[in-house]
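Below is one structure; the comments refer to it alone.
Chains as they are written, first to last, in full-length UniProt numbering: chain A, 1 to 306; chain B, 1 to 546.
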């Protein structure tokens, strides 16, 4: 196991080093393809290599065409099998936090909840790797209110640190009859406004917590990004009067996620490289949006330009 | 007359002058006052000619009725008095005649009445709601006017003197002070001084000055005091010599640098004046003087006052340590507790605030979800396209046409396939597929040769292929175990020719020439044919002659 891990890590590093060259190649192929599609002459710097590259282009299929980064390589095999999630809390959780985690267990299909006890994080992650879990989710709190979420993808995958805001749990809504039971079918996903590279990365992380659904499920999980705050909503829909009418019924907890760090290792690897971290003290943070396009500021800019 | 007056005054004195006593109506107080007023009425009766009452009727009458009785007596009395005063105004010399008569005998009474006047003035200031008080005042005035109308101006002047001062006591008498000052000034300035007071008065004034309590007082003080008193005397205006005095006065006497117009009330004030006279700050002295005087400030002076106070305030603020908000970087230790809570601190927040989840936000989210559902656009996880490990299955195209082969032929082919799969014809329909399968078989052959020790060569398919004259072992075995000499081609395949075959050595010259000519002919024919036909199968016997 140890040797396997070492070999895998070495492969990973090698692939990372190859990435640069591959990217160049890919760029060249892309240019040639574009030129061919538009009927323009091929750029001069590629003339010599044009024939060989053309051949390669012809032989490519969808899978090989896209250059693979080491970053999303972590999710390369994710679609092969269904994800398996472990949910825990920080140490000594309060009762509301435990309830919240129970609710989350129903939100993610194929998830297991575990009492934290006095375990150390590294222990937890080792045992999860051994049992072939794909993800570990840790929930933190502040005086009963959940305020932190850490999602760690397991073989060596990235770890995303979120802050939780405006949390409304199912337990808060006292009327159980009105809520009804929570369905456990694999849900459809809606990921809105994840436009930048970091946004795509976050979307990937959140996406691969869920398995491939059946096309006709009635359950919908939404992650909508509004000015770097991701709203999580969980609905059941019905189409009472034909295909065009849609009726939504909200179930499940509702909260806002705020990404503040993405690390390129698991939770226990404290020396892992930080892919992105929030910098709130920078003067221009207010004007920038890191995860998606900010509609409001775009409109404002257009207005001022016009 | 005198005794009745004395009696009246005595009874008056007996009535208490403490203000608290007068707040509530008391029976004995009212009795005493009524008795007094009756006495006074009777004393005044001698001067009135027209009054219908001989004496004031008290028993059984209320305040209003008593008051009306007094009115009946006093109104005509007042009008007669006014006439007298006007007469005296026009002819002042008559006053002196009057005064001489009165003065000697009535000095005592004067003093008494002065004190009474003081009392009266005090009472004037008190609460006027009480009827008794009003009544009494009225009667006091009447008494004065009635008894001392000869004295006239003197009484008025005394009232004025009292108003000026208000600090009369047994030592300080303003009138005496005035007289002394006039005398002194006359001495100093060389004026004709008519009145010479006694030494005793001077002594009194010395004590006065001491009483004013200034150790630093020197001759300067007395000079200034004199000046002040002089001006007072001018305003008091009761002395005979006043008129002459006025004629000899100069502007400088009164409107000097010091501008000492204040009455002799505050010693401190005089003190300040002489100190400042020595120093440079004249304005300060002026200001001090003006401060004392509340009335008579001009607008300009008022503005100057305001400016001065403002300047003082600002200078004071500049000298004090700054407020903590103005001090730049301030930690909690350098300011008061909780002082930051009172100030409106303005920070620039570099972080966008968390979105408040309002109805609108929820509605917009739900709209988005609904549109996505109705369009069916979900961002689900897609299964990655897996590389298929199996070869693609042959898709058998069902041909609509009637099969050209008979059923027997089909069975034949199947049988052949089962028994001898090698010799069975290829069942592919496509040319390209045939080509591909041939290439693949070649590849497999090579791979098998590399990987197997026991190699079975493929059976040769009956098709037209070029057999080259290569030793058999090269074709059969890559790693030969045995060597075989047999050539692949049979002798007749190598050479199938008829006639005499001559060796090179046996050929004659003519034969050689003939051979060469044939060659040349053939070559020429070939060269002409070549562009048309590239792939010509060469006949093996070139030496054949046509």
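No residue lacks a Cβ here, since even glycine has one placed at the ideal position from N, Cα and C.
Taking DSSP as the reference, what is the three-state secondary structure of residue i?
i	result
residue 300 of chain B	helix
residue 79 of chain B	helix
residue 244 of chain A	coil
residue 162 of chain A	strand
residue 287 of chain A	coil
residue 113 of chain A	strand
residue 169 of chain B	coil
residue 15 of chain A	helix
residue 163 of chain B	Note that residue 163 of chain B has pLDDT 48, beneath the 50 cutoff, so the model's placement of it is unreliable and no number is given.
residue 225 of chain A	strand
residue 89 of chain A	strand
residue 57 of chain B	coil
residue 7 of chain A	helix
residue 356 of chain B	coil
residue 40 of chain A	coil
residue 3 of chain B	helix
residue 271 of chain A	coil
residue 168 of chain A	strand
Give the residues of chain A in contact with residue i, contact being defined as C-beta atoms less than 7 Å apart.
i	result
residue 366 of chain B	248
residue 436 of chain B	Within chain A, no residue comes near residue 436 of chain B; the closest Cβ sits about 16 Å away, beyond 7 Å.
residue 350 of chain B	280, 281, 282, 283, 285, 286
Using a Cβ cut-off of 9 Å, pull out every chain A residue sitting near residue i, in sequence order please.
i	result
residue 440 of chain B	Those within 9 Å of residue 440 of chain B in chain A number zero; the least Cβ separation is about 18 Å.
residue 355 of chain B	165, 166, 226, 227, 229, 231, 256
Let me know if residue i comes out buried or exposed under the rule of 16 or more other beta-carbons within 10 Å of its beta-carbon.
i	result
residue 161 of chain A	buried
residue 444 of chain B	exposed
residue 507 of chain B	exposed
residue 311 of chain B	exposed
residue 183 of chain A	exposed
residue 523 of chain B	exposed
residue 252 of chain A	buried
residue 454 of chain B	exposed
residue 380 of chain B	buried
residue 438 of chain B	exposed
residue 94 of chain B	exposed
residue 74 of chain B	buried
residue 174 of chain B	buried
residue 226 of chain A	buried
Which bits of chain B does residue i rub up against, with CB to CB less than 7 Å?
i	result
residue 237 of chain A	373
Does the beta carbon of residue i fall short of 7 Å from some heavy atom of the ligand MG?
i	result
residue 440 of chain B	Among the ligands in the structure shown, none appear at all, so the ligand MG cannot be discussed.
Return the first residue and the last residue of the beta strand (DSSP E) that residue i is part of.
i	result
residue 204 of chain A	Here residue 204 of chain A belongs to no beta strand (DSSP E); instead the alpha helix (DSSP H) covers 197-207.
residue 150 of chain A	145-153
residue 261 of chain A	254-263
residue 125 of chain A	Run containing residue 125 of chain A: none in the beta strand (DSSP E); it sits in the alpha helix (DSSP H), 121-130.
residue 141 of chain A	135-142
residue 277 of chain A	274-277
residue 189 of chain A	188-192
The alpha helix (DSSP H) with residue i in it runs from where to where?
i	result
residue 438 of chain B	431-451
residue 48 of chain A	Where residue 48 of chain A is concerned, there is no enclosing alpha helix (DSSP H), given that its DSSP letter is neither H nor E.
residue 253 of chain B	251-254
residue 174 of chain B	174-189
residue 373 of chain B	359-375
residue 518 of chain B	509-529
residue 40 of chain B	27-44
residue 585 of chain B	Within the shown structure, residues of chain B are numbered from 1 to 546, placing residue 585 of chain B beyond reach of any answer.
residue 341 of chain B	339-342
residue 383 of chain B	Looking at the DSSP string, residue 383 of chain B is not in any alpha helix (DSSP H), and its letter there is neither H nor E.
residue 494 of chain B	491-494
What does residue i reach in chain B if we use C-beta pairs closer than 9 Å?
i	result
residue 212 of chain A	380, 381, 382, 383
residue 220 of chain A	369, 372, 373, 378
Between the segment 213-223 of chain A and the segment 398-412 of chain B, are three or more C-beta pairs nearer than 8 Å?
-> no
Cβ contact check for the segment 194-212 of chain A and the segment 92-112 of chain A: 3 or more pairs under 8 Å = yes
Below 8 Å, can you find three or more Cβ-Cβ pairs linking the segment 137-151 of chain A to the segment 186-198 of chain A?
-> no
Are three or more beta carbon pairs between the segment 234-242 of chain A and the segment 257-265 of chain A nearer than 8 Å?
-> no
Does the segment 150-170 of chain A touch the segment 127-142 of chain A, meaning 3 or more C-beta pairs lie closer than 8 Å?
-> yes
Can we say the segment 216-226 of chain A touches the segment 2-14 of chain B, given the rule of at least three CB pairs closer than 8 Å?
-> no
Examine the Cβ distances between the segment 23-43 of chain B and the segment 65-72 of chain B and report whether three or more of them are shorter than 8 Å.
-> yes
Three or more C-beta pairs below 8 Å linking the segment 273-288 of chain A and the segment 335-354 of chain B | yes
Three or more C-beta pairs below 8 Å linking the segment 81-93 of chain A and the segment 114-131 of chain A | yes
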